[in-house]
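Enquirer: The structure under discussion is supplied below as structure tokens; questions concerning it will follow.
Numbering (this note's numbering), first residue to last: 43 to 214.
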């Protein structure tokens with residue numbers, strides 16, 4: 043358990059560093075970002091008409107979306123670093139897992155909004171009638187919502203159990 047927890051903590055730290063570096067790379071190579079967007083969104087728009095300001099706006103929206111991921115990874119790393127030290131059932135770990143679950147839940151809820159903003163921004167310069175608002179809700183989003191809710195509830199149960207344990211120790 044300790045070794046696997048340490049791997050998760052290190053992986054989380056690496057991703058926390060990797061996301062901002064990758065975002066900086068993409069802002070300086072906006073054509074590469076354009077390729078990612080084109081492949082990821084698969085919108086039926088006139089890609090040759092997309093202007094740089096639209097790509098930079100979408101980059102900013104994407105970075106905001108990714109920042110929730112980086113924050114979630116911070117709390118995941120915090121909990122698994124403690125697990126790697128043998129600190130399993132502490133209230134701090136449960137709170138870190140709860141914040142991680144809340145952030146994953148928030149990100150899953152915001153994913154359709156990010157896609158909608160992306161489609162709107164990329165089609166703004168199209169003639170009337172050809173602008174789009176694309177809302178996507180896939181099974182991966184629903185799975186993230188479900189798993190984050192389960193993790194959130196388990197964390198709340200552990201926090202409540204810790205408080206009950208403290209109350210019981212005060213009576214003894």
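No residue lacks a Cβ here, since even glycine has one placed at the ideal position from N, Cα and C.
1) Out of 160, 93 and 120, state which residue places its alpha-carbon closest to the alpha-carbon of residue 107.
2) I'd like to know if the region 61-70 and the region 123-136 are in contact, where contact means that at least 3 CB-CB pairs between them fall below 8 Å.
3) Is the number of C-beta pairs between the region 162-173 and the region 117-130 that are closer than 8 Å three or more?
4) Which whole-angstrom value describes the C-beta separation of residue 157 and residue 177, a residue pair presumed to lie in contact below a C-beta threshold of 8 Å?
5) Going along the chain, which residues of its own chain have a beta-carbon closer than 7 Å to the beta-carbon of residue 48, five neighbours each way excluded?
6) If you count every other CB in all the chains shown that lies within 10 Å of the CB of residue 87, and 16 or more means buried, which is it?
7) Distance, Cα to Cα, residue 103 vs residue 145?
8) Should residue 143 and residue 190 be called a contact, given that it needs their Cβ atoms to be closer than 7 Å?
9) What does a CB cutoff of less than 6 Å around residue 124 pick up in its chain, not counting 5 residues either side in sequence?
10) Work out the CA separation of residue 83 and residue 51 for me, nearest whole Å.
11) Under three-state DSSP, which class holds residue 153?
12) Considering only their Cβ atoms, is the gap separating residue 112 from residue 147 smaller than 7 Å?
13) With respect to the alpha helix (DSSP H) encompassing residue 32, which residues constitute its N-terminal and C-terminal limits?
Expert: Here's the rundown:
1) Counting from 1 along the chain shown, the entry for residue 107 is found at position 65. Per the Cα distances, 160.
2) no
3) no
4) Looking up residue 157 in the chain shown gives position 115. Looking up residue 177 in the chain shown gives position 135. The Cβ separation is near 7 Å, so the contact holds.
5) On the chain shown, residue 48 is found 6 positions in, with the first residue counted as 1. So the qualifying residues of the chain are 126.
6) Taking the first residue of the chain shown as 1, we reach residue 87 at position 45. Buried, because 16 or more other Cβ atoms sit within 10 Å of the Cβ of residue 87.
7) As a working note, residue 103 is residue 61 in the chain shown. As a working note, residue 145 is residue 103 in the chain shown. Going by the C-alpha atoms only, they are around 17 Å apart.
8) Here residue 143 refers to the residue found at position 101 when the chain shown is read from its first residue. Here residue 190 refers to the residue found at position 148 when the chain shown is read from its first residue. Yes, the Cβ-Cβ distance between residue 143 and residue 190 is below 7 Å.
9) As a first step, residue 124 is located in the chain shown; it is residue number 82 there, counting from the start. Result list for residue 124: 135, in chain order.
10) Taking the first residue of the chain shown as position 1, residue 51 is located at position 9. Taking the first residue of the chain shown as position 1, residue 83 is located at position 41. Answer to the nearest angstrom: the Cα atoms are 31 Å apart.
11) As a position in the chain shown, residue 153 is number 111, starting the count at 1. Three-state DSSP puts residue 153 in a helix.
12) Position 105 of the chain shown, counting from 1, holds the residue named residue 147. Position 70 of the chain shown, counting from 1, holds the residue named residue 112. Cβ distance not < 7 Å, so residue 147 and residue 112 don't count as in contact.
13) No answer is possible for residue 32: the residues shown for the chain start at 43 and end at 214.
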